[in-house]
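What follows is a single structure, written as structure tokens, with notes after it.
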Amino acid sequence: MQNLKSREIRLKSRPTGMPGPANFELAETDVPNPGDGEVLIRNSYMSVDPYMRGRMMDRKSYVPPFQIGEALSGGAVGQVVASHSPYLKVGDFVQSMNGWREWFVAPAGSVMKIDASIAPVQAYLGALGMPGLTAYAGLLKIGELKEGERVFVSAASGAVGQIVCQIAKNKGCRVAGSAGSDDKCRFLTEELGIDAAINYRTAGDLTPAIKDAMPDGIDVYFENVGGAHLQAALNNMRQFGRIAACGMIDQYNATEPPPGPNNLILIVGLSLTVRGFIVSNHFDMMPEFIADMAKWTKEGKMKWRETIVEGIDKAPDAFIGLFKGENFGKMLVKVGPDKAV
Numbered sequence: 014m015q016n017l018k019s020r021e022i023r024l025k026s027r028p029t030g031m032p033g034p035a036n037f038e039l040a041e042t043d044v045p046n047p048g049d050g051e052v053l054i055r056n057s058y059m060s061v062d063p064y065m066r067g068r069m070m071d072r073k074s075y076v077p078p079f080q081i082g083e084a085l086s087g088g089a090v091g092q093v094v095a096s097h098s099p100y101l102k103v104g105d106f107v108q109s110m111n112g113w114r115e116w117f118v119a120p121a122g123s124v125m126k127i128d129a130s131i132a133p134v135q136a137y138l139g140a141l142g143m144p145g146l147t148a149y150a151g152l153l154k155i156g157e158l159k160e161g162e163r164v165f166v167s168a169a170s171g172a173v174g175q176i177v178c179q180i181a182k183n184k185g186c187r188v189a190g191s192a193g194s195d196d197k198c199r200f201l202t203e204e205l206g207i208d209a210a211i212n213y214r215t216a217g218d219l220t221p222a223i224k225d226a227m228p229d230g231i232d233v234y235f236e237n238v239g240g241a242h243l244q245a246a247l248n249n250m251r252q253f254g255r256i257a258a259c260g261m262i263d264q265y266n267a268t269e270p271p272p273g274p275n276n277l278i279l280i281v282g283l284s285l286t287v288r289g290f291i292v293s294n295h296f297d298m299m300p301e302f303i304a305d306m307a308k309w310t311k312e313g314k315m316k317w318r319e320t321i322v323e324g325i326d327k328a329p330d331a332f333i334g335l336f337k338g339e340n341f342g343k344m345l346v347k348v349g350p351d352k353a354v
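Residue numbering for the sequence shown follows my numbering, starting at 14 and increasing by one per position.
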């Protein structure tokens, strides 16, 4: 493995507003040979996720900011090509946070072996990975979902939203969601089997649109968007309803704070619970999550869509596309072969 080279994407400058190609650079670096207890991994797929936008700002947050001139990081799955560890063998597939590059060397204990027999390996970056666990923990633990309740999901066709919808349906709930195109709405109703879908780009005022979709109101709102979605959802909440605040992509590229909902008083009158959460605080649920997802997948009760872009050089475009609605389900970048050995 001498003279092995790896291409990687580095942060060239910090974006203001919407990120652009000029904020990133493609670089080539030497890959060292693995030492004792280390493994050499060739990545197959990497993930781009909305939360990464916050890490491009130089500010204190729940994860450290990316540094200028350094390779970005994020979820990835790849295959062990060389191993100096008794815990991983050549050919094993692993999950890591060493995305945005083609090859890397790391201690065996810093990557997690995955079961490629349950689903295609890239699913561990979506339905069986962080987005899926986000849906699972957010709906069941944060949202305290009960069987037969009424659930509304914003960005319902996205990587997190489509899993939220199906978990809720598997729990016998009425489910409605929003998406950004008629095609995505058809996917939600015809393939995932939710009860109603709203094209938020053409619906106009979301308050009556949600009322039509959820005539008896909302018990659990899974929040991915913020802004007008949050305003309209609050107008349709039932007493003692819960809002699981996963993200607010509507604000990620804002250059100044947008005005907030003017109906927050409803939180008091309806005795609502609004709780934000970060998936990394709920990794203790991973074994239960994987067991349930494997069962639902085998029974045909869990489906997902993916958008796959080819080539490490296209990773910035894939990331930027998240904020333009170019992804259908989980956005992935294929950076190497499905099987490296």
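Here a beta-carbon is modelled for each residue, glycine too, at the ideal position from N, C-alpha and C.
request  = State whether the stretch 147-160 contacts the stretch 52-61, with contact taken as three or more CB pairs (one from each stretch) at a distance under 8 Å.
outcome  = Touching, no, given that fewer than three Cβ pairs across the two stretches are closer than 8 Å.
ask   = How would you label residue 234, buried or exposed, when you count the other beta carbons within 10 angstroms and need 16 or more for buried?
value = Your numbering for residue 234 matches position 221 in the sequence shown. Counting the other Cβ atoms within 10 Å of the Cβ of residue 234 gives 16 or more, which makes it buried.
message = If we require 4 or more residues per run, which alpha helix (DSSP H) segments fall completely within the stretch 30-94?
response = Complete alpha helix (DSSP H) runs here, min 4: 65-68.
task = Could you check the C-alpha separation between residue 282 and residue 259 for me, to the nearest Å?
result = The residue given as residue 282 occupies position 269 in the sequence shown. The residue given as residue 259 occupies position 246 in the sequence shown. C-alpha separation (whole angstroms): 23 Å.
inquiry  = Just to confirm, is the Cβ distance from residue 328 to residue 354 under 8 Å?
reply    = As a first step, residue 328 must be located in the sequence shown, where it is residue number 315. As a first step, residue 354 must be located in the sequence shown, where it is residue number 341. Not a contact, by the Cβ cut-off of 8 Å.
ask   = Looking at the structure shown, is residue 247 part of a helix, part of a strand, or coil, going by DSSP?
value = Within the sequence shown, residue 247 is the residue found at index 234, counting from 1. The three-state secondary structure of residue 247, taken from DSSP, is helix.
ask   = Can residue 32 and residue 332 be called in contact, C-beta distance under 8 Å?
value = Within the sequence shown, residue 32 is the residue found at index 19, counting from 1. Within the sequence shown, residue 332 is the residue found at index 319, counting from 1. Contact: yes.
query = Can you list, in chain order, the residues of its chain whose CB lies under 8 Å from that of residue 443, leaving out five sequence neighbours each side?
reply = Residue coverage of the chain in this structure runs from 14 to 354, which leaves residue 443 outside it and unanswerable.
request  = Look at the alpha carbon of residue 217 and the alpha carbon of residue 174, and state the distance between them as a whole number of angstroms.
outcome  = Locating residue 217 in the sequence shown gives position 204, where the first residue counts as 1. Locating residue 174 in the sequence shown gives position 161, where the first residue counts as 1. For residue 217 and residue 174, the distance between alpha carbons rounds to 21 Å.
Residue ranges of each alpha helix (DSSP H) within the stretch 281-323, 4 or longer = List check, alpha helix (DSSP H) in window: 299-311.
task = Would you check if the distance between the CB atom of residue 107 and the CB atom of residue 126 is smaller than 8 Å?
result = Translated into positions along the sequence shown, residue 107 becomes position 94. Translated into positions along the sequence shown, residue 126 becomes position 113. Annotated as proximal: residue 107 and residue 126, with beta-carbon spacing under 8 Å.
query = When the distance is taken between beta carbons, is residue 316 closer than 8 Å to residue 201?
reply = Numbered from its first residue, the sequence shown carries residue 201 at position 188. Numbered from its first residue, the sequence shown carries residue 316 at position 303. Inclusion of residue 201 and residue 316 in the CB contact set at 8 Å is not warranted, their separation being larger than that value.
ask   = Cα-Cα, which of 265, 261, 298, 254 is closest to residue 229?
value = Here the question's residue 229 lines up with position 216 in the sequence shown. Relative to residue 229, the option among 265, 261, 298, 254 whose CA is nearest is 254.
Contacting residues, own chain, Cβ-Cβ under 8 Å from residue 251 (five flanking each side not counted) = Position 238 of the sequence shown, counted from the first residue, corresponds to residue 251. Excluding its 5 nearest sequence neighbours in each direction, residue 251 has C-beta neighbours in its own chain below 8 Å: 163, 229, 230, 231, 232, 283, listed in chain order.
query = residue 128 by DSSP, collapsed to three states: which one?
reply = Residue mapping note: residue 128 aligns to position 115 of the sequence shown, counting from 1. Coil.
request  = Please classify residue 76: is it buried, with 16 or more other beta-carbons within 10 angstroms of its beta-carbon, or exposed?
outcome  = Here residue 76 corresponds to residue number 63 of the sequence shown, with the count starting at 1. With fewer than 16 other Cβ atoms within 10 Å, it is exposed.
query = For the candidate residues 133, 145, 196, whose alpha-carbon lies nearest to that of residue 303?
reply = Start at 1 with the first residue of the sequence shown, and residue 303 comes out as number 290. Closest option to residue 303, Cα to Cα, is 145.
ask   = Going by beta carbon distance, what residues of the same chain come within less than 7 Å of residue 100, once the five residues before and after it are set aside?
value = Position 87 of the sequence shown, counted from the start, is the residue given in the question as residue 100. Contacts found: 121.
key: C-alpha gap between residue 312 and residue 306, whole angstroms   = As a working mapping, residue 312 is identified with position 299 in the sequence shown. As a working mapping, residue 306 is identified with position 293 in the sequence shown. Each residue's alpha carbon lies about 10 Å from the other.
Residue span of the beta strand (DSSP E) that contains residue 143, given as start and end = Counted from its first residue, the sequence shown places residue 143 at position 130. Looking at the DSSP string, residue 143 is not in any beta strand (DSSP E); the run it does join, the alpha helix (DSSP H), is 143-150.
query = From the DSSP output, which residues share a beta bridge with residue 339?
reply = The residue you call residue 339 lines up with position 326 of the sequence shown. According to DSSP, residue 339 shares a beta bridge with no other residue.
Inter-residue spacing [alpha-carbon to alpha-carbon] between residue 292 and residue 143 = Along the sequence shown, one-based indexing puts residue 292 at 279. Along the sequence shown, one-based indexing puts residue 143 at 130. Cα to Cα, the separation comes out at about 7 Å.
Three-state class that DSSP yields for residue 199 in the structure shown = Taking the sequence shown and counting its residues from 1, the one referred to as residue 199 is at position 186. Residue state, collapsed to three classes: helix.
request  = Give me the Cβ distance between residue 116 and residue 19, rounded to the nearest whole Å; I'm assuming they're in contact under 8 Å.
outcome  = Position 103 of the sequence shown, counted from the start, is the residue given in the question as residue 116. Position 6 of the sequence shown, counted from the start, is the residue given in the question as residue 19. Going by Cβ atoms, the distance from residue 116 to residue 19 rounds to 4 Å, so yes, they are a contact pair.
ask   = So residue 212 is in the beta strand (DSSP E); what residue range does that whole segment cover?
value = The count along the sequence shown starts at 1 and reaches residue 212 at position 199. That run of the beta strand (DSSP E) goes 209-212.
key: Contacting residues, own chain, Cβ-Cβ under 6 Å from residue 136 (five flanking each side not counted)   = Taking the sequence shown and counting its residues from 1, the one referred to as residue 136 is at position 123. Within its own chain, no residue has a Cβ closer than 6 Å to the Cβ of residue 136 once the five positions on either side in sequence are excluded.
key: Cβ pair residue 153, residue 79 closer than 8 Å   = In the sequence shown, counting from the first residue as 1, residue 153 sits at position 140. In the sequence shown, counting from the first residue as 1, residue 79 sits at position 66. Their beta carbons are not under 8 Å apart, which means residue 153 does not touch residue 79 by this criterion.
ask   = Where does residue 188 fall in DSSP's three states?
value = The count along the sequence shown starts at 1 and reaches residue 188 at position 175. DSSP places residue 188 in the strand class (E or B) of the three-state scheme.
query = Nearest to residue 22 by CA position, among 28, 275, 41, is which residue?
reply = Looking up residue 22 in the sequence shown gives position 9. The option with the nearest alpha carbon to residue 22 is 41.
Nearest candidate by alpha-carbon position, reference residue 266, set 176, 68, 289, 38 = Locating residue 266 in the sequence shown gives position 253, where the first residue counts as 1. Of 176, 68, 289, 38, the residue nearest in Cα terms is 68.
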